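Student:
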Amino acid sequence: MTYLDYAATAPMLPEVIEAMQAAERRLFANASALHTPGHLAMNEIDHTRELLAKLINAEPEEIIFTSGASESNNTVIRTFEGCQIETSPLEHHSIIEAAKMYTGDKLPKLYSYMLANNELGEILDLPDIDRGEYSSSGLFEAKNEWGKPLVTERRKAYLHSDLTQALGKIPIDIKALGLDYATFSAHKIGGPIGVGALYVRKGVPFRPLIVGGNQENKRRGGTYNTVGIVGFGTALERVLKDQTWKSYDTEVRRLRDHLAKRILAEIPGSSLNTDIKSGASLPNILNVSFRAAEGESIQLYLDAEGIIVSTGSACAAGDTKPSHVLMAKTGDAEVAHSSIRFSFGLDNTMEDIDRVMDVLPGVINRLQQISTIAADNSR
Ligand code: PMP
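Put into structure tokens, the structure is as follows:
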């Protein structure tokens, strides 16, 4: 199999599987329990917390573990229920749908702009926001059990970024980016599905999405997913040890750009939706449209040949509407319907590109011919 769908989910790293299997046996206890096995589990959770904090230049107390990026995104957006919420048009549905549900007209205002988009790989400029003082809102009134205010900085606006696709692919410094909140997911970096994290800067408004437990300092109820968090930690260790963003910038970029060049040269009617200039996009994503060939058909033909890609985003699979991201970028439904996303990981090689180019030109040619016949017959 030639797997080119890393942006949907990266296969778990071998050391992650090993660490999780060992954790299943060793770290079975409830991490909130005061006994020794409980402490053992909590220590491992805190180790992952420290690794993520180190990687993104945050404090460990500013990290909350969640069930994934969708939960992290929903948590931030719902914190600002009734407030003004502005998002980029390229956001993941977990931002767009939550924003639709909870937006209002009060201050403070939340800006949610992803740093790197999952469908195109595009790197976005984060907005310059007015962080002036502002005080009269119920959002700021949350108190801890001793009556002390939980929100210590009362600002007119706050900034959240979904860093799910950026983690491990480009260097991330939360402080340099000026973020108040940030979202992460383990399964995009070789960790398990169903584990994520949320960065919440000290002193900013926060409202738990899941209540009813004291876990995560009362910020997220529910028994800790120790095994999953250990897996996340093991994947983070690889990112930190290898500084994976460097290999993405060199080796993976070379593969991506080579595929782009060959597609443009060898397949009539092809056009790139990803701007592959350095700095404009992540190095591991390439989104391409093929005139008069439907994305889903291309995906199925390639799948039959053992080449795994996606159309738009996997989360929108089964949804026949054209991708909102491609519509926002191109305004052209035909371009959106005929798009394929190739996304690479550190295991891909030049042979994978050769394999794609052995098959893809024939697939596109066949589909373009069918489409010409269909167009002729409809006259
Ligand atoms: N945000 C972005 C940018 C993503 O790419 C994804 C995964 N497609 C998500 C959020 C959702 O992540 P999770 O599967 O961890 O909920």
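Just so you know, we're using the numbering used here here: the sequence shown kicks off at 1227 and counts up by one. Think of the CB as a built atom: it goes at the ideal place given N, C-alpha and C, for glycine as much as any other residue. As the structure is a prediction and not an experimental result, all values here were calculated from the model.
Can you check the stretch 1378 to 1428 for any beta strand (DSSP E) of at least 3 residues that lies completely inside it and give the ranges in chain order?
Tutor: Listed in chain order, the complete beta strand (DSSP E) runs (minimum 3 residues) inside the stretch 1378 to 1428 are 1383 to 1388, 1407 to 1411, 1422 to 1426.
Student: Starting from the C-beta of His1261, find all residues in its chain whose C-beta is less than 8 angstroms away, skip the five residues before and the five after it, and write them out in chain order.
Tutor: Ala1255.
Student: Tell me the rounded alpha-carbon separation between Met1238 and Ala1423.
Tutor: Taking the straight line from one Cα to the other gives about 17 angstroms.
Student: Under three-state DSSP, which class holds Tyr1232?
Tutor: Tyr1232 falls in the coil class under three-state DSSP.
Student: Under a Cβ-count criterion, where at least 16 other Cβ atoms within 10 Å of its own Cβ denotes burial, should Glu1442 be classed as buried or exposed?
Tutor: Glu1442 comes out buried.
Student: What are the start and end residues of each continuous alpha helix (DSSP H) run of 4 or more residues lying completely inside the stretch 1474 to 1509, in chain order?
Tutor: Runs found: 1479 to 1492.
Student: For a test of the three-state rule: what should DSSP assign to Phe1432, helix, strand or coil?
Tutor: Correct three-state label for Phe1432: coil.
Student: Exposed or buried, what is Gln1595 when buried is set at 16 or more other beta-carbons lying within 10 Å of its beta-carbon?
Tutor: Gln1595 should be labelled exposed.
Student: Taking 8 angstroms as the line, does the beta carbon of Met1340 fall inside it for any heavy atom of the ligand PMP?
Tutor: It does: the Cβ of Met1340 is within 8 angstroms (strictly closer) of some heavy atom of the ligand PMP.
Student: Whole angstroms are fine: how far does the CA of Gly1373 sit from the CA of Gly1438?
Tutor: Cα to Cα, Gly1438 sits roughly 19 angstroms from Gly1373.
Student: DSSP three-state label for Phe1570, please.
Tutor: Phe1570 falls in the coil class under three-state DSSP.
Student: Report yes if the CB atom of Ile1415 is closer than 9 angstroms to the CB atom of Leu1462, and no otherwise.
Tutor: Against a cut-off of 9 angstroms, the Cβ pair of Leu1462 and Ile1415 comes out as a contact.
Student: Go through its chain and collect everything with a Cβ distance to Arg1433's Cβ below 7 angstroms, but skip five positions before and after it.
Tutor: Excluding residues within five positions, the ones whose Cβ falls inside 7 angstroms are Arg1304, Thr1305.
Student: Going by Cα to Cα distance, which pick from Ile1282, Pro1286, Ser1536 is closest to Ile1271?
Tutor: Out of Ile1282, Pro1286, Ser1536, Pro1286 has the C-alpha closest to the C-alpha of Ile1271.
Student: Hey, quick one: how far does the alpha helix (DSSP H) through Ser1298 stretch, first residue to last?
Tutor: Per DSSP, Ser1298 belongs to the alpha helix (DSSP H) from 1295 to 1305.
Student: With a threshold of 8 angstroms (Cβ to nearest heavy atom), would His1484 be considered close to the ligand PMP?
Tutor: No, the beta carbon of His1484 sits no closer than 8 angstroms to any heavy atom of the ligand PMP.
Student: Among Ile1290, Lys1503, Arg1380, whose alpha-carbon lies nearest the alpha-carbon of Arg1357?
Tutor: Residue Arg1380 is the option with its Cα nearest to Arg1357.
Student: For Asp1231, is the beta carbon positioned less than 8 angstroms from some heavy atom of the ligand PMP?
Tutor: Not under cutoff, so the answer is no.
Student: Residues in its own chain within less than 7 angstroms of Trp1471 by CB, not counting five upstream and five downstream?
Tutor: Result list for Trp1471: Gly1394, Lys1395, Ile1396, Pro1397, in chain order.
Student: Roughly how many angstroms lie between the CA atoms of Ala1408 and Gly1588, to the nearest whole one?
Tutor: Ala1408 and Gly1588: Cα-Cα distance of roughly 43 angstroms.
Student: Could you check whether the Cβ of Ile1396 sits closer than 8 angstroms to any heavy atom belonging to the ligand PMP?
Tutor: Result no, Cβ not under 8 angstroms from the ligand PMP.
Student: What does DSSP give as the partner residues of Pro1375 in its beta bridges?
Tutor: DSSP, once it has assigned bridges, lists Lys1369 as partnering Pro1375.
Student: Note the first and the last residue of the continuous beta strand (DSSP E) segment covering Val1514.
Tutor: Looking at the DSSP string, the run of the beta strand (DSSP E) that includes Val1514 is 1511 to 1516.
Student: For the ligand GDP, is there a heavy atom less than 8 angstroms away from the beta-carbon of Glu1323?
Tutor: As presented, the structure is devoid of the ligand GDP, carrying the ligand PMP as its sole ligands.
Student: Can you confirm whether the stretch 1325 to 1332 touches the stretch 1345 to 1353 when touching is taken to mean that 3 or more C-beta pairs between the two stretches lie within less than 8 angstroms?
Tutor: Output reads no: the stretch 1325 to 1332 does not touch the stretch 1345 to 1353.
Student: Apart from the five residues on each side of it in sequence, which residues of its chain come closer than 7 angstroms, Cβ to Cβ, to Val1535?
Tutor: Hits under 7 angstroms: Leu1230, Asp1231, Gln1525, Leu1528, Ile1566, Arg1567, Phe1568.
Student: Assuming Tyr1425 contacts Ile1590 (C-beta within less than 8 angstroms), just tell me the rounded distance between them.
Tutor: Actually they are not in contact, since the Cβ atoms of Tyr1425 and Ile1590 sit about 42 angstroms apart, beyond 8 angstroms.
Student: The beta strand (DSSP E) with Pro1334 in it runs from where to where?
Tutor: Element bounds for Pro1334: 1332 to 1338.
Student: If you drop the 5 nearest sequence neighbours on each side, which residues of the same chain put their C-beta closer than 6 angstroms to that of Leu1593?
Tutor: So the qualifying residues of the chain are Ala1519, Ser1523.
Student: Given this structure, state the Cα-to-Cα distance separating Asn1499 from Pro1548, to the nearest angstrom.
Tutor: Taking the straight line joining both Cα atoms gives about 14 angstroms.
Student: What whole-angstrom Cβ distance do Ser1570 and Val1421 have, given they're in contact under 8 angstroms?
Tutor: Note that residue 1570 is Phe in the sequence shown, not Ser. Contact doesn't hold; Cβ gap of about 23 angstroms is too wide.
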